[in-house]
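Below: one structure, written as structure tokens.
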Amino acid sequence: MKSHDQLLNLLKRHPDQYVSGAMMSQELNVSRTAVWKQIRKLETAGYEIEASTKLGYRLLYSPDEINSERLAESHSTARFGQSIHYFEQVKSTQDSARALAESGAPEGTLVLAEEQTGGRGRMGRGWVSPQGKGIWMSMVMRPHVPIHCAPQLTLLTAVALCRSLRRLTELPIGIKWPNDLLIRGKKISGILLESAAEDERLKYIVAGVGISVNLSEGDYPEELLAKATSLRIEAGQPFSRSAIVAEFMQEWETLYDLFLQEGFNAIAALWESLSVSIGQKVRLVTPQGELEGTPVGLDESGAIRVERADGSLVTIFSAEMGEPLNRS
Numbered sequence: 001m002k003s004h005d006q007l008l009n010l011l012k013r014h015p016d017q018y019v020s021g022a023m024m025s026q027e028l029n030v031s032r033t034a035v036w037k038q039i040r041k042l043e044t045a046g047y048e049i050e051a052s053t054k055l056g057y058r059l060l061y062s063p064d065e066i067n068s069e070r071l072a073e074s075h076s077t078a079r080f081g082q083s084i085h086y087f088e089q090v091k092s093t094q095d096s097a098r099a100l101a102e103s104g105a106p107e108g109t110l111v112l113a114e115e116q117t118g119g120r121g122r123m124g125r126g127w128v129s130p131q132g133k134g135i136w137m138s139m140v141m142r143p144h145v146p147i148h149c150a151p152q153l154t155l156l157t158a159v160a161l162c163r164s165l166r167r168l169t170e171l172p173i174g175i176k177w178p179n180d181l182l183i184r185g186k187k188i189s190g191i192l193l194e195s196a197a198e199d200e201r202l203k204y205i206v207a208g209v210g211i212s213v214n215l216s217e218g219d220y221p222e223e224l225l226a227k228a229t230s231l232r233i234e235a236g237q238p239f240s241r242s243a244i245v246a247e248f249m250q251e252w253e254t255l256y257d258l259f260l261q262e263g264f265n266a267i268a269a270l271w272e273s274l275s276v277s278i279g280q281k282v283r284l285v286t287p288q289g290e291l292e293g294t295p296v297g298l299d300e301s302g303a304i305r306v307e308r309a310d311g312s313l314v315t316i317f318s319a320e321m322g323e324p325l326n327r328s
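Position one of the sequence shown corresponds to residue 1 (the UniProt record's numbering), numbered consecutively onward.
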């Protein structure tokens, strides 16, 4: 058994108690320096361990494991999440899923990683994705729809994730246009859809989703704490990552099939009911410049309709939406 596994077993044998460094050193027959190094390894793997100069070490949190085989059996989807590729570490689940898509992977093929070293969000931003605490995933989609429908699938993914998370956590999660999930103004999830087209039709879409599930405040850089949070921080308790993925897959496939059969209108209505953007005066940074206005709803393409101060309506297809300007 590896020394860090022995150390972990020792900490688990003393739940909610401190174990002195001297005791660890003696039981494991290693130096105090070696104990400290193994503690660091456990923390890198997602364990949270409290250290006290006088008392020793105490295990505060153990990451839950994602078992890909049990996960595939835990939901009754026909396609989504039925083929799972699980990795301890990848640069980006998007890159891995795109390679699978190019090699002919079927729709619903899911890539899950415990850790991303180069996770990215919209507009090329980085994403905090420590090992064992979040859900970092990408899925291959092959919808038989025109290219212009791709933005609608981004909104659909946000609706599916928001609805499934609200059911499981009972937290007040809402959607900021187009696809950020927020709790009380702080971001808990991001969604990135990247597509490949052929002959004016979508060849495939790779839908990347990052969910901050069991991150603690210490996992975030200080500058992000004012605008980022996790389900665990907000609820005061950890959640099963496998249960979240299974619930999400079920909801995602249900809404996707509804979209393919009946079009975007039903999805748009669900999105608007979950939106935290509608009715809030905001500043938007578009490729054409900045503007202020109040979002009033989606159009048939998935673009946001914004009412200006003079009462005119403008349709925004791509923009960075700021915080509400009229929040008290």
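Heads up, the beta-carbon is just placed ideally off N, CA and C, and yes, glycines get one too.
Are residue i and residue j touching if we call contact CB-CB under 8 Å?
| i | j | result |
| --- | --- | --- |
| Ala319 | Thr286 | yes |
| Ser25 | Thr93 | no |
| Ser189 | Glu251 | no |
| Leu182 | Thr157 | no |
| Lys133 | Leu215 | yes |
| Ile244 | Val276 | no |
| Arg98 | Val206 | yes |
| Ala150 | Leu110 | no |
| Pro106 | Ser83 | yes |
| Glu88 | Glu50 | no |
| Pro221 | Gln280 | no |
| Val140 | Leu100 | yes |
| Tyr18 | Ser62 | no |
| Leu260 | Pro146 | no |
| Glu234 | Leu225 | no |
| Gly302 | Leu155 | yes |
| Glu272 | Gly297 | yes |
| Gly174 | Leu274 | yes |
| Tyr47 | Ser68 | no |
| Arg241 | Asp16 | no |
| Val159 | Leu10 | no |
Compute the beta-carbon to beta-carbon distance between residue i and residue j, rounded to the nearest angstrom, for a pair I have assumed lies under 8 Å.
| i | j | result |
| --- | --- | --- |
| Lys187 | Asp180 | 6 Å |
| Gln131 | Thr254 | The Cβ separation is near 31 Å, so there is no contact. |
| Trp177 | Ile304 | 5 Å |
| Leu291 | Met321 | About 11 Å separates the two Cβ atoms, so there is no contact after all. |
| Leu59 | Lys91 | So it is not a contact: roughly 30 Å between Cβ atoms. |
| Phe264 | Leu168 | The pair is not a contact, with the Cβ atoms about 26 Å apart (cut-off 8 Å). |
| His4 | Leu42 | 6 Å |
| Gly81 | Gly108 | 6 Å |
| Leu171 | Leu258 | In fact, because the Cβ distance is near 24 Å, the residues do not count as touching under 8 Å. |
So what's residue i in DSSP terms, helix, strand or just coil?
| i | result |
| --- | --- |
| Pro151 | helix |
| Val314 | strand |
| Gly124 | With a pLDDT of 49 at Gly124, under the threshold of 50, the modelled position of that residue is not reliable, and no figure is offered here. |
| Lys54 | coil |
| Glu320 | strand |
| Lys12 | helix |
| Glu251 | helix |
| Lys41 | helix |
| Lys133 | coil |
| Pro295 | strand |
| Ile66 | coil |
| Leu168 | helix |
| Gln6 | helix |
| Glu300 | coil |
| Ala78 | coil |
| Asn29 | coil |
| Gly118 | coil |
| Phe259 | helix |
| Ala105 | coil |
| Ser242 | helix |
| Leu325 | coil |
Could you check whether the Cβ of residue i sits closer than 8 Å to any Cβ belonging to chain C?
| i | result |
| --- | --- |
| Gly118 | Given the protein chain composition of this structure (a single chain), no chain C is represented. |
Just grab the DSSP bridge partners of residue i for me.
| i | result |
| --- | --- |
| Phe87 | Ala113 |
| Arg201 | Pro146, Glu198 |
| Tyr61 | Glu48 |
| Ser138 | Val111, Gly208 |
| Ser275 | Ile175 |
| Glu290 | Val285 |
| Val19 | Tyr57 |
| Ser189 | Leu181, Ile211 |
Output the boundary residues of the alpha helix (DSSP H) element that contains residue i.
| i | result |
| --- | --- |
| Ile175 | No alpha helix (DSSP H) holds Ile175; the beta strand (DSSP E) holding it covers 173-176. |
| Leu224 | Element bounds for Leu224: n/a, residue is neither H nor E. |
| Thr93 | 93-102 |
| Ala235 | 231-235 |
If I follow the unbroken beta strand (DSSP E) through residue i, where does it start and stop?
| i | result |
| --- | --- |
| Ile304 | 304-307 |
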